[in-house]
Amino acid sequence: MAAPGGRRPLRVLVSGDAEGRLGALFGRVAAAQRKSGAFDLLLCVGDFFGSAGDADWEEYRTGAKKAPIQTYVLGANNEETVGYFPDVSGCELAENITYLGRKGVFNEASGLQIAYLSGTECLEEPVPAHCFSSKDVTDLKTSLLSTPKFKGVDILITSCWPRGVERFGNTPFDVDTKKCGSGLVSVLASSLKPRYHFSGLQKICYERLPYRPLVVLGPSYLQDGLSCYALLKQFQSCESSLLKVPPCKWEEPVGQFFFDLSSKPKGKKRPSEGRTGQQPQPQRLPCKPSLPTAACWFCLASPEVEKHLVVSIGTHCYLALAKGGLSPDHVLVLPIGHYQSMVELASEVVEEVDQYKSSLKEFFRSRGKRCVVFERNYRSQHLQLQVVPVPQDCCTTEDIKEAFVVQAEEQQMELLEIPEHSSLKQIVQPGAPYFYVELDTGEKLFHRVRRHFPLQFGREVLASEAVLGMPGRADWRSCQTGKEEEAAAAQAFRQAFAPFDIAQGD
Numbered sequence: 031m032a033a034p035g036g037r038r039p040l041r042v043l044v045s046g047d048a049e050g051r052l053g054a055l056f057g058r059v060a061a062a063q064r065k066s067g068a069f070d071l072l073l074c075v076g077d078f079f080g081s082a083g084d085a086d087w088e089e090y091r092t093g094a095k096k097a098p099i100q101t102y103v104l105g106a107n108n109e110e111t112v113g114y115f116p117d118v119s120g121c122e123l124a125e126n127i128t129y130l131g132r133k134g135v136f137n138e139a140s141g142l143q144i145a146y147l148s149g150t151e152c153l154e155e156p157v158p159a160h161c162f163s164s165k166d167v168t169d170l171k172t173s174l175l176s177t178p179k180f181k182g183v184d185i186l187i188t189s190c191w192p193r194g195v196e197r198f199g200n201t202p203f204d205v206d207t208k209k210c211g212s213g214l215v216s217v218l219a220s221s222l223k224p225r226y227h228f229s230g231l232q233k234i235c236y237e238r239l240p241y242r243p244l245v246v247l248g249p250s251y252l253q254d255g256l257s258c259y260a261l262l263k264q265f266q267s268c269e270s271s272l273l274k275v276p277p278c279k280w281e282e283p284v285g286q287f288f289f290d291l292s293s294k295p296k297g298k299k300r301p302s303e304g305r306t307g308q309q310p311q312p313q314r315l316p317c318k319p320s321l322p323t324a325a326c327w328f329c330l331a332s333p334e335v336e337k338h339l340v341v342s343i344g345t346h347c348y349l350a351l352a353k354g355g356l357s358p359d360h361v362l363v364l365p366i367g368h369y370q371s372m373v374e375l376a377s378e379v380v381e382e383v384d385q386y387k388s389s390l391k392e393f394f395r396s397r398g399k400r401c402v403v404f405e406r407n408y409r410s411q412h413l414q415l416q417v418v419p420v421p422q423d424c425c426t427t428e429d430i431k432e433a434f435v436v437q438a439e440e441q442q443m444e445l446l447e448i449p450e451h452s453s454l455k456q457i458v459q460p461g462a463p464y465f466y467v468e469l470d471t472g473e474k475l476f477h478r479v480r481r482h483f484p485l486q487f488g489r490e491v492l493a494s495e496a497v498l499g500m501p502g503r504a505d506w507r508s509c510q511t512g513k514e515e516e517a518a519a520a521q522a523f524r525q526a527f528a529p530f531d532i533a534q535g536d
């Protein structure tokens, strides 16, 4: 189907339980792409890894091999595979292979919205690492249902089938869904109204007859521009709300692929589940700061840093007044090591960035101000997280949000709102340029830079009459002061911020 504006449809491959047979999986993907052209991404449900060490994975983990398509996987469904997933919030496991996380929403750049839930159901405490609880489901539902004008997600992927999926529909062969299905997943699917629901673990292909939820979706780009394809015979398509999932047949009609990976490879005996042995440690990416390509003005160890602007130094990050700031208390949160963007930060650095953001919000709130945080990862070498305070009596958070949206529309830029709990790592890959805004309410706006982007866009919006009312300060170069004045401003901020400074300790 053609998308409005001449854009081609988004083409998505979906696979079921790969169980560590990654060479076979990606071989099938490559064959599918040779036959029918490029696909945009691959979603893997069920067991991505086997329950014992996999030689295939080691080659991808070390970079000896590379997945031929951007691949998004769900987490562990058993205790044996928990070690493959180092960060419950999601991370890159290898090049082109990303673990989405325990639960959340992934917003693809085209606007495709994918809700996901990893693991199997557990109703007891404590909840094992490979399971989800009723709280996980409630949190995921709330984050989406509280979104204004929410009408349903495009795709829901879960490891577990929803219990009673065959009700009012066709019955799957050889599977008792009352025993294998999850009641919590049923509740989730009912609430999120996905157009497609994919799940795994049962080792069969089952296409449920389409159903139409009570709330009917209106026309949208994605309804006219999304094509889903099944890749494995073990793939299950459980539910569809408006668009019918391509028919599940055992031949290969145009644009649809089913391959059986269930046969055991000859010449190798697959280790049994009970066999012990060390699993390869997952690659925790990103793990180390890169080296700057030239002299960096923001690496703390660099002689280029204007250290008189520094107001706080933590373990992984530091705060500095912005040179030519919009206001005297306009500050930057910067990593001490050389990282280009938030997407590239190691988890411990992200944690400290979040701590600084929280302390700054509390500090500015005590002074009757709300703060806006933004990042421009475009034509910049070192991450600079801009934190700009806005007096509460100047405008509302909704006014600020509207100002960003309106000016983005005027410049023909697509500024997407993403769920509060979403991580940038789930939306954009390292190296890809983007612009990102976080408001004091937790609302987030995101723009993927395609070609050109106005370098002062964030400042222009905040300096506009709609927000701070100082359009003349949009360009930092016109706001610079002398070094002595900058040092005095830094000292004043340092003293005022001291009670909130996470680097000061208890």
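Take my numbering: the final residue in the sequence shown is number 536, and no numbers are missing along the way. Glycine included, every Cβ here is placed at the ideal spot set by N, Cα and C. These numbers come from a predicted model, not from an experiment.
Residue environment analysis places Gln370 among the buried positions, since at least 16 neighbouring C-beta atoms fall within 10 angstroms of its C-beta.
As computed with DSSP, Phe404 is found in a beta bridge with Gln416, Val467. In terms of Cβ geometry, Ala124 and Leu339 do not form a close pair [threshold 8 angstroms]. Taking 8 angstroms as the cut-off, the beta carbon of Glu516 is found no closer than this to the beta carbon of Leu413. In this model, Leu485 and Val335 are separated by some 21 angstroms (Cα to Cα). Put simply, the backbone Cα of Leu364 is about 6 angstroms away from that of Cys347. Between the region 479–498 and the region 171–183 there are fewer than three inter-stretch CB-CB distances shorter than 8 angstroms, so the stretches are not counted as touching.
For the 8 angstroms CB-CB criterion, Phe476 and Ile448 form a contact.
By the beta-carbon neighbour count (other beta carbons within 10 angstroms, threshold 16), Pro192 is buried. Where Ile448 is concerned, the enclosing beta strand (DSSP E) starts and stops at 446–448. For the alpha helix (DSSP H) assignment, the uninterrupted runs of no fewer than 4 residues enclosed by the region 43–126 are, from N- to C-terminal side, 52–66, 85–91. For Asp77, the number of other beta carbons within 10 angstroms of its own is at least 16, and it is reported as buried. Partner residues in the beta bridge of Phe162, as assigned by DSSP, are Glu151. Our two residues, Gly50 and Asn407, have alpha carbons roughly 35 angstroms apart in a direct line. DSSP places Tyr369 in the coil class of the three-state scheme, outside both helix and strand. Inter-segment contact for the region 104–113 and the region 144–155 is present: three or more beta-carbon pairs are separated by less than 8 angstroms. Ranking Gln441, Asp166, Cys190 by CA distance to the CA of Asp47 puts Cys190 first. With respect to the 8 angstroms criterion, Ile532 and Ser389 are classified as neighbours on the basis of their beta carbons. In this structure, Leu52 lies near Asp86, with their beta-carbon atoms less than 8 angstroms apart. When the beta-carbon positions are compared, Val75 and Ser221 stay at least 8 angstroms from each other.
In the structure shown, the three-state DSSP call for Gln525 is helix. His160 counts as buried, since at least 16 other C-beta atoms from the protein chains shown sit within 10 angstroms of its C-beta.
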